[in-house]
Structure formats: C-alpha cells, structure tokens
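Student: In full-length UniProt numbering, the protein residues as written are 1 to 543.
Could you have a look at this structure, given as structure tokens, before my questions?
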C-alpha cells in the first residue's frame, strides 16, 4: 500500500473506531445540504462532531456510509468542500486542512472512472487570528549574507550548524539545497501566544506544521525570503515590490560588509517604503573590531539615503520599536550559530504594529498559480486592500485582450491553513471557480465583481535612475516590476534623456499588453546593470 493510501486507510479506520468525531459523506451539494432547515441541522451535527473530537472533527468525502471508497468527480468534490466550508462557518468552525487521493470511481453509465477523488477534511473550532496580529516581513541582502539561515533559525528556534543548515527549511527547489543558494521566493512563518511566548515550527517541511503555527498563534509573522544572487535579482524585486510588506529585513554579513548588491536591495526597499531593520549577520565569524567597522559602514550607507540608523544594542529594543519608521532604521547584530540578537528580533516582531493594508475594496495581484487536485485553479498573492470571503464573486484580469473574467472564490488558504475570510496584508492562495489555471498569469488582479477596471498600456511616472552606464533616451526598454507585473516597457523621458542620478518624468509604455495600473503605485525598472525606481503619476486608459 502506498504512503498516501496508508494515510487514507488510517483515516477510515479512525472513523470506524471513533465514530463521534468522524463523518462519512459520498458528496455534499448546495441544493440538498444548504436547503432551508437542512443547513441548520447539518451545522448542529458538525458542531457535535467537533465537540466530540475535543475541538476537531474529520469529514471523509467520496466514500459510502460504511467507509467504502466510492470516488467522486473533481467538480463534485469542489462543491462538497464549498458546502462543508459554509457548514463549518455556521457552526463557528473552519476547515483547517484537506488531503485528497485519486481512486477508481464509477461513472453514471456504470463504467470505471479513474478520475474519482476521496478527500479527508479536518474541521477545527474557532476562528483565525485578527488581521492586525499578522505582519509580513520581506528579507533582502547580498548572496551568502545569511538571509535564509537567519529566518530559518527564527521560525524554528534552532541554532545553525555553521553550514547554513537552517536555511534548508526555506529553500524550495532541489538545486537550491544542493548549491546552497536560493533561486526563488520562499516563505517562513512563526508566531507568538497570548503571553508573547514564541510558537515555532518543529518541522517546517510539513504543511500541517505550518498550519499548526497559524492555528495556535495569537500573533503571526510571515517572512517572504528573497534571493541574493545577482542573476535572480528579478525574483528579489518581485518579492519586495509584489508583496504587501509591513517591514523589510536587510542582512549584511559581518565577514563581508556592505556590497553593491546591499545598496541595490536597500534602494529597492526604499522604493516600496516599508519600515526596515538591518541585521548584521555572522558575527560569530569575526572579532568585535570588525563588527564595529561593519556597523559604521551600515550607518554610512543608511545616511547616504537620508535614513537615521539606530543601534539596538545601544538604545534597546523598546526604543527601536517606538522609533522605527520610514526614516529611522534599527540595526541589530546577530548570529544564527550563537543565536546572538535573535531574542531582540523576537521581541521586535512580537510587538511591532502592522503597517500595510489599505482600506477600500478588495484587490489582490496574482503572484503564483497552481492546480490542486479536487480544488482546481489557485491564484496566490498578497491582498493589497479590502477583504475576501469564500463564495465571493470576483473579476480576474486583464486577459490578453484587456477583458476581465467573472470567477467565484471556492476557498482560501493561508500557509496551508484554510480560512473563510482574509483581509489586506495576508499572503493567501485563493481557489477559483470559472477559470483554468492555464488562463491565469502573474500580474493579473482580482477585484470585486462590481468593479469597473480600466487596464492601461501606457502611463506617466516620476523616476530616479540609480545606475546606468550612459544615458536613458527615447525608446529605452527595461523590464518594469510593478506589483507582481514584470513586463518589458519603453521609456520616453521628458526632455529626451535621463542621466545616472537624475530624477525626472517619463512616459512608460508596456511592450506587449495592458495591465491594471493606478496612480501612486511604486515600481522598479532594470536592464542589465541599469536600475531605477519610479512612481506612477498619471494614467491614460487604453481607448
């Protein structure tokens, strides 16, 4: 028996033994199970199951009443999960986790159907933490300056082995683990209980361990861990520009110091405006004199961009929490090996207020897409404003022709923890009904169904050239990173040119298609060694 089938068999055996907290259903339908009177009855039954299971119930869907494997179609399974989510909400509970298996089902004509699905849903009582108690932190810094290792030690509480062992909790691709370099965005999470004590991950590679942290925490910290190697600068920009960050965490290795990449990543953070902390890492590798030297170079780099450094070791954590802002940058010395400075970071992340999250209608730019068996197309990203609930009708686009498509929210997950609602600042995956995963692209946006979006291919902006070998003239074509959009665009500067260090106005025209762009949005542009930042100042909707 395969490991997956063994897990399913254990769930079925548990149902036969425990009965009270386990419910077997072949399928759940909106017409039958949400009808008048039936919804209240089934919600009461679900509540009884949860109480019988000490706060947790298991629903096995796609089986007969006696636990036999029936298998239902993906569409039927998705509808069943939609109905179960509404029943759980009515009962003051939520779906915490769903696992699915493919089995041989039977079609309406009696033939064998190999696309049948059996799923096990875990339903838990209570709701998730308030949105004000969830902050998102984006990391940045030069390659091998210890970003992933530091975050790995924070989320687990484990000291590093001196070889970057805790980095492995975040690297998501086999070649990353082999080379010791991150090549894509990765995510970590830990939290704090009501007394301010950390709740960390025991095994960050397990989805249910991340879900446990979300469930148990009264305060949650999510890390968007970016990439320090120059060839993947585009991915770093995507992580810092495309997410709705509450804070930035810039790492500088004590054995290397401030580099050109350090300055570039600092510039990108400045373009996105989150209050930022600088962590001087790897202090176990050098003596105190070298640490002091790097501290001075960090302070100089901050002052060059009109920021005021604040040494946490000298002024204290409470002062850093009170003073951190878009202009004041706390600097803390750390070592993932000795765990120096990790307590200070814990204290700061436990107390720092949420800064991101706009009021207004729901808006989320798509960063990644997935296709999940039994669920369908999933779009993930950070909610920019407003809130979204399971069952909401939304618009998705723009498509290649500039149009928007009507879709419906099947379900919402955050760090593998299923939630019924999510608000601005949350990193979520939204399962969508009415669209194929192949039709969803990074850079698209989800909006309320009554919105009237006007995508544009051209806009005006105020830009600053951070680095360029000569001059920027008409027709210059960098890649523009705006929200989760990464698209080639042509620049047409006012006055015909922009020189390195110049700030000025320019028209920006996407080369291939239109996107939803709004005044005030920040962006980064790059082409080879040329880099700059900008702000959208005027929109010209496509006619």
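Note that the Cβ used here is the ideal one computed from N, Cα and C, for glycine as well.
Because the structure is a prediction, the values reported are computed rather than measured.
1) When we look at the beta-carbon of residue 275 and count the other beta-carbons within 10 Å, is it buried (16 or more) or exposed?
2) Is residue 300 helix, strand or coil by DSSP?
3) In angstroms, rounded to a whole number, what distance separates the CA positions of residue 311 and residue 341?
4) Locate the beta strand (DSSP E) running through residue 503, then write down its first and last residues.
5) Just the C-alpha distance for residue 81 and residue 372, rounded to the nearest angstrom, thanks.
6) With a Cβ-Cβ cutoff of 8 angstroms, do residue 425 and residue 134 count as a contact?
7) Would you report the Cα separation of residue 234 and residue 29, rounded to the nearest angstrom?
8) Please report the distance separating the alpha-carbon of residue 188 from that of residue 363.
9) For residue 453, tell me which candidate among 23, 394 and 487 has the shortest Cα-Cα distance.
10) In the DSSP assignment, find the beta strand (DSSP E) that holds residue 62 and state where it starts and stops.
11) According to the neighbour-count rule (16 or more other Cβ atoms, all chains shown, within 10 Å of its Cβ), is residue 413 buried or exposed?
12) Could you pull out every residue in the same chain whose Cβ sits closer than 8 angstroms to the Cβ of residue 308, ignoring the five residues on either side in sequence?
13) Let me check understanding here. Comparing Cα to Cα, which of 324, 332, 306 and 317 lies closest to residue 283?
14) Using a 10 Å radius around the Cβ and a threshold of 16 neighbouring Cβ atoms, would you call residue 280 buried or exposed?
15) Is residue 524 helix, strand or coil when you go by DSSP?
16) Roughly how far, in whole angstroms, is the beta-carbon of residue 470 from the beta-carbon of residue 491, given that I think they are within contact range, below 8 angstroms?
17) Between residue 91 and residue 43, is the Cβ-Cβ spacing less than 8 angstroms?
18) If you drop the 5 nearest sequence neighbours on each side, which residues of the same chain put their C-beta closer than 6 angstroms to that of residue 27?
19) Leaving out five residues before and five after residue 494 in sequence, what residues of the same chain have Cβ atoms less than 7 angstroms from its Cβ?
20) Does the Cβ-Cβ distance between residue 46 and residue 87 come in under 8 angstroms?
21) Assuming residue 440 is part of the alpha helix (DSSP H), what are its boundary residues?
22) Tell me, which residues are paired with residue 21 by DSSP?
23) Would a C-beta distance cut-off of 8 angstroms place residue 455 and residue 402 closer than the cut-off?
24) Find out if the Cβ-Cβ distance for the pair residue 144, residue 254 is shorter than 8 angstroms.
25) Closer than 8 angstroms is the cut-off here; do at least three beta carbon pairs connect the segment 470 to 483 with the segment 420 to 438?
26) Quick one: measure Cβ to Cβ for residue 479 and residue 526, integer angstroms, because I've assumed they're closer than 8 angstroms.
27) Where does residue 74 fall in DSSP's three states?
Tutor: Considering the structure as presented:
1) The residue you call residue 275 lines up with position 275 of the chain shown. Buried.
2) Here the question's residue 300 lines up with position 300 in the chain shown. DSSP places residue 300 in helix when its eight states are reduced to three.
3) Indexing the chain shown from 1 puts residue 311 at position 311. Indexing the chain shown from 1 puts residue 341 at position 341. When rounded, the distance between both Cα atoms is 12 angstroms.
4) Within the chain shown, residue 503 is the residue found at index 503, counting from 1. Looking at the DSSP string, the run of the beta strand (DSSP E) that includes residue 503 is 503 to 510.
5) Within the chain shown, numbered from 1, the residue matching residue 81 stands at position 81. Within the chain shown, numbered from 1, the residue matching residue 372 stands at position 372. Those two C-alpha atoms are separated by around 13 angstroms.
6) The residue given as residue 425 occupies position 425 in the chain shown. The residue given as residue 134 occupies position 134 in the chain shown. The answer is yes: Cβ separation under 8 angstroms.
7) Along the chain shown, read from residue 1 onward, the residue named residue 234 stands at position 234. Along the chain shown, read from residue 1 onward, the residue named residue 29 stands at position 29. Because residue 234 sits at a pLDDT of 45, beneath the cut-off of 50, its placement in the model cannot be relied upon, and the following sentence gives the value as read from the coordinates. C-alpha separation (whole angstroms): 45 angstroms.
8) Locating residue 188 in the chain shown gives position 188, where the first residue counts as 1. Locating residue 363 in the chain shown gives position 363, where the first residue counts as 1. Computed Cα separation, rounded: 24 angstroms.
9) Position 453 of the chain shown holds residue 453. The residue with the shortest Cα to Cα distance from residue 453 is 394.
10) As a working note, residue 62 is residue 62 in the chain shown. Careful: residue 62 lies outside any beta strand (DSSP E) and carries neither H nor E.
11) In the chain shown, the residue the question calls residue 413 occupies position 413. Buried: at least 16 other Cβ atoms inside 10 Å.
12) For this step, residue 308 is matched to residue 308 along the chain shown. 302, 327, 328 and 329, listed in sequence order.
13) Residue mapping note: residue 283 aligns to position 283 of the chain shown, counting from 1. Nearest of 324, 332, 306 and 317 to residue 283, Cα basis: 332.
14) Looking up residue 280 in the chain shown gives position 280. Buried.
15) One-based indexing of the chain shown puts residue 524 at position 524. Strand.
16) Here residue 470 is taken as the residue at index 470 of the chain shown, counted from 1. Here residue 491 is taken as the residue at index 491 of the chain shown, counted from 1. Going by Cβ atoms, the distance from residue 470 to residue 491 rounds to 14 angstroms, so no, they are not a contact pair.
17) For this step, residue 91 is matched to residue 91 along the chain shown. For this step, residue 43 is matched to residue 43 along the chain shown. The answer is yes: Cβ separation under 8 angstroms.
18) To locate residue 27, count along the chain shown from 1; it is residue 27. 72, 76 and 80, listed in sequence order.
19) Along the chain shown, read from residue 1 onward, the residue named residue 494 stands at position 494. Here the set comprises 504, 505 and 506.
20) The residue you call residue 46 lines up with position 46 of the chain shown. The residue you call residue 87 lines up with position 87 of the chain shown. In contact: residue 46 and residue 87 (Cβ atoms closer than 8 angstroms).
21) By one-based count along the chain shown, residue 440 stands at place 440. Where residue 440 is concerned, there is no enclosing alpha helix (DSSP H), given that its DSSP letter is neither H nor E.
22) The residue you call residue 21 lines up with position 21 of the chain shown. DSSP, once it has assigned bridges, lists no residue as partnering residue 21.
23) Counted from its first residue, the chain shown places residue 455 at position 455. Counted from its first residue, the chain shown places residue 402 at position 402. Result yes, Cβ atoms of residue 455 and residue 402 sit closer than 8 angstroms.
24) Mapped onto the chain shown, residue 144 falls at position 144. Mapped onto the chain shown, residue 254 falls at position 254. Cβ atoms of residue 144 and residue 254: not closer than 8 angstroms.
25) no
26) Taking the chain shown and counting its residues from 1, one reaches residue 479 at position 479. Taking the chain shown and counting its residues from 1, one reaches residue 526 at position 526. Rounded, the Cβ-Cβ distance is 6 angstroms, consistent with contact.
27) Taking the chain shown and counting its residues from 1, the one referred to as residue 74 is at position 74. Looking at residue 74 - three-state DSSP - the assignment turns out to be helix.
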